[in-house]
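Read the structure below first, then the notes.
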Amino acid sequence: MKKGFLSYFTTQLKRYVKGLPLIIAITVLLIGAIGMIAYSFMKERSDSEEQNLAKIGVVGDLEGTYLGIGISAIESLDASQYTISFENMTEDEAQKALSVGDIPVYIIVPENFLDDVVSGKDVQLQMVGRGTQGIGGIIITELADVISVYINSSETAIYAMQAYAWDKGDTEAYRSTADNFFLLEANNLFARDSALEPILIGVGNGSTMIAYYTCGIFLLFAMLMGISFCSVFVRRKNDVNKVLYSQGVYSWKQVLAEYLCYLLAVLVIITLIVGALSVASSAFDVKLALWSKTPREVRWLSTAQIIWQIYVKWLPAVGMIASLQYMIYELASGIVSSVLGQFLTAIALGYVSGLFYPMSFFPVPLQTIAAASPLKAAMDYCQSTLRWDMDAMHLVMIIMYAVVFLALSVMARRIKLKK
Numbered sequence: 019m020k021k022g023f024l025s026y027f028t029t030q031l032k033r034y035v036k037g038l039p040l041i042i043a044i045t046v047l048l049i050g051a052i053g054m055i056a057y058s059f060m061k062e063r064s065d066s067e068e069q070n071l072a073k074i075g076v077v078g079d080l081e082g083t084y085l086g087i088g089i090s091a092i093e094s095l096d097a098s099q100y101t102i103s104f105e106n107m108t109e110d111e112a113q114k115a116l117s118v119g120d121i122p123v124y125i126i127v128p129e130n131f132l133d134d135v136v137s138g139k140d141v142q143l144q145m146v147g148r149g150t151q152g153i154g155g156i157i158i159t160e161l162a163d164v165i166s167v168y169i170n171s172s173e174t175a176i177y178a179m180q181a182y183a184w185d186k187g188d189t190e191a192y193r194s195t196a197d198n199f200f201l202l203e204a205n206n207l208f209a210r211d212s213a214l215e216p217i218l219i220g221v222g223n224g225s226t227m228i229a230y231y232t233c234g235i236f237l238l239f240a241m242l243m244g245i246s247f248c249s250v251f252v253r254r255k256n257d258v259n260k261v262l263y264s265q266g267v268y269s270w271k272q273v274l275a276e277y278l279c280y281l282l283a284v285l286v287i288i289t290l291i292v293g294a295l296s297v298a299s300s301a302f303d304v305k306l307a308l309w310s311k312t313p314r315e316v317r318w319l320s321t322a323q324i325i326w327q328i329y330v331k332w333l334p335a336v337g338m339i340a341s342l343q344y345m346i347y348e349l350a351s352g353i354v355s356s357v358l359g360q361f362l363t364a365i366a367l368g369y370v371s372g373l374f375y376p377m378s379f380f381p382v383p384l385q386t387i388a389a390a391s392p393l394k395a396a397m398d399y400c401q402s403t404l405r406w407d408m409d410a411m412h413l414v415m416i417i418m419y420a421v422v423f424l425a426l427s428v429m430a431r432r433i434k435l436k437k
């Protein structure tokens, strides 16, 4: 019996080797399709991040003023350059931008701003905003108010100190004090990002956006890879399986041998892809940004080593997906139903399991249903490995799903053999 199992396993391996060229060709097409999807998503995300800058209009001449220098510094040196964008415009342009919603607020610098400040007058910057706006607009308006008060007060103080020094005739003391004051204000301005510690809530169980979609794209690709093997599965003959059954190679042995061959073939293909990615990352010095903070475990590792570590940890998820795909092929009756079954299962399960959008986007009833999805268990498992807080329960769930799928495959094979 043992010899019969090994002989059948070897025969199945030869079938996969024969069908390898077609398997690779279909896999390359899948990689191209998923690569285009990933590229379009990342481009859309990059454009949306650019559009999400808090735009604040500035009306007036800023040339030669500390206010202009301060705004220029914020836009080029300060961490605020990634969240705030100052747009110099005329008042007509500002009003139009405000009316169509391009900016939530704009600041008006008075015409004689510099002369009035130098003469010691208390000059206030005017701020114009819409009467009704969302929470985002309110926050940006408050932010603009803080910036205008901060920079305006600083400039008033510098010019007042300058006027005082000239009145006293002590220009040397003024230069020294002005330099110290400017450095103090600059330090306060540029140290704002270290005055607090941002906490990244993340998406989908606390993962970063990039980590979340890395897991999603990997699992989607693993699911769609089942289509690549349709040429191998549809050539199986039930008569041969009946003969094997009569010789002691029972249903569970046939299923186990075929599943192990299929899993081995899947792992070979994915390993080649991961190897190519690791080589490319080393050649082009690609840096991973999967974590909000670099874990101690990977701090001294190269990107290629990190990719291999992640892949090894994701192998249980690949094994479970392979068992699901094998079960679909076992239940299908022909090439059309096999391909449709693989594709529709991948898309439907991927959607409800949060591979495309975080589960928080869905209504509560759908989230409850999705909690029982095998891909949801795989997604949770892969995300936990990237957060470096892997829960053993996720791994247990994946193994249980794999056992259930293989058990259902054995039952389906028994029914076929009895016909």
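One gets the numbering used here by counting positions in the sequence shown from 1 and adding 18 to each. Glycine included, C-beta positions come from ideal geometry on N, C-alpha and C. Being a predicted model, the structure only gives us computed values, none of them experimental.
Out of the options, point me to the one whose CA is closest to residue i's CA.
i, options, result
"residue 293", "362, 322 and 283", "322"
"residue 398", "225, 112 and 38", "225"
"residue 350", "413, 406, 402 and 426", "426"
"residue 33", "434, 275 and 437", "275"
"residue 227", "256, 56 and 383", "56"
"residue 434", "182, 256 and 184", "256"
"residue 410", "104, 111 and 331", "331"
In whole angstroms, what separates the C-alpha of residue i from that of residue j?
i, j, result
"residue 342", "residue 424", "8 Å"
"residue 295", "residue 336", "18 Å"
"residue 283", "residue 31", "8 Å"
"residue 35", "residue 26", "14 Å"
"residue 144", "residue 367", "54 Å"
"residue 95", "residue 325", "At residue 95 the pLDDT is 46, less than 50, meaning the model places this residue with poor confidence; the figure from the coordinates comes in the next sentence. Residue 95 and residue 325: Cα-Cα distance of roughly 34 Å."
"residue 356", "residue 299", "36 Å"
"residue 246", "residue 252", "12 Å"
"residue 48", "residue 393", "19 Å"
"residue 273", "residue 333", "20 Å"
"residue 259", "residue 385", "41 Å"
"residue 41", "residue 249", "8 Å"
"residue 329", "residue 127", "57 Å"
"residue 175", "residue 125", "20 Å"
"residue 404", "residue 361", "27 Å"
"residue 371", "residue 377", "7 Å"
"residue 46", "residue 53", "10 Å"
"residue 39", "residue 235", "24 Å"
"residue 268", "residue 400", "35 Å"
"residue 375", "residue 231", "9 Å"
"residue 288", "residue 419", "21 Å"
"residue 180", "residue 108", "31 Å"
"residue 28", "residue 285", "17 Å"
"residue 353", "residue 50", "23 Å"
"residue 229", "residue 106", "37 Å"
"residue 432", "residue 261", "13 Å"
"residue 263", "residue 280", "20 Å"
"residue 37", "residue 104", "60 Å"
"residue 112", "residue 58", "33 Å"
"residue 184", "residue 110", "40 Å"
Can you tell me which residues form a DSSP beta bridge with residue i?
i, result
"residue 104", "74"
Which of the three DSSP states, helix, strand or coil, is assigned to residue i?
i, result
"residue 356", "helix"
"residue 225", "strand"
"residue 252", "coil"
"residue 419", "helix"
"residue 268", "coil"
"residue 397", "helix"
"residue 236", "helix"
"residue 437", "coil"
"residue 120", "coil"
"residue 67", "Model confidence at residue 67 stands at a pLDDT of 46, short of 50, so the residue's coordinates are unreliable; what they give is reported in the following sentence. It is helical."
"residue 326", "helix"
"residue 376", "coil"
"residue 389", "coil"
"residue 244", "helix"
"residue 320", "coil"
"residue 184", "helix"
"residue 37", "coil"
"residue 214", "For residue 214, the predicted structure reports a pLDDT of 46, less than 50, and the residue's modelled location is therefore unreliable. The matter cannot be settled from this model."
"residue 58", "helix"
Are residue i and residue j close, meaning C-beta to C-beta below 9 Å?
i, j, result
"residue 123", "residue 75", "yes"
"residue 13", "residue 266", "The structure shown does not extend to residue 13, since the chain spans only 19 to 437, so no value can be given for it."
"residue 395", "residue 365", "no"
"residue 186", "residue 120", "no"
"residue 116", "residue 147", "yes"
"residue 359", "residue 346", "yes"
"residue 233", "residue 413", "no"
"residue 348", "residue 240", "no"
"residue 277", "residue 369", "no"
"residue 380", "residue 388", "yes"
"residue 421", "residue 270", "no"
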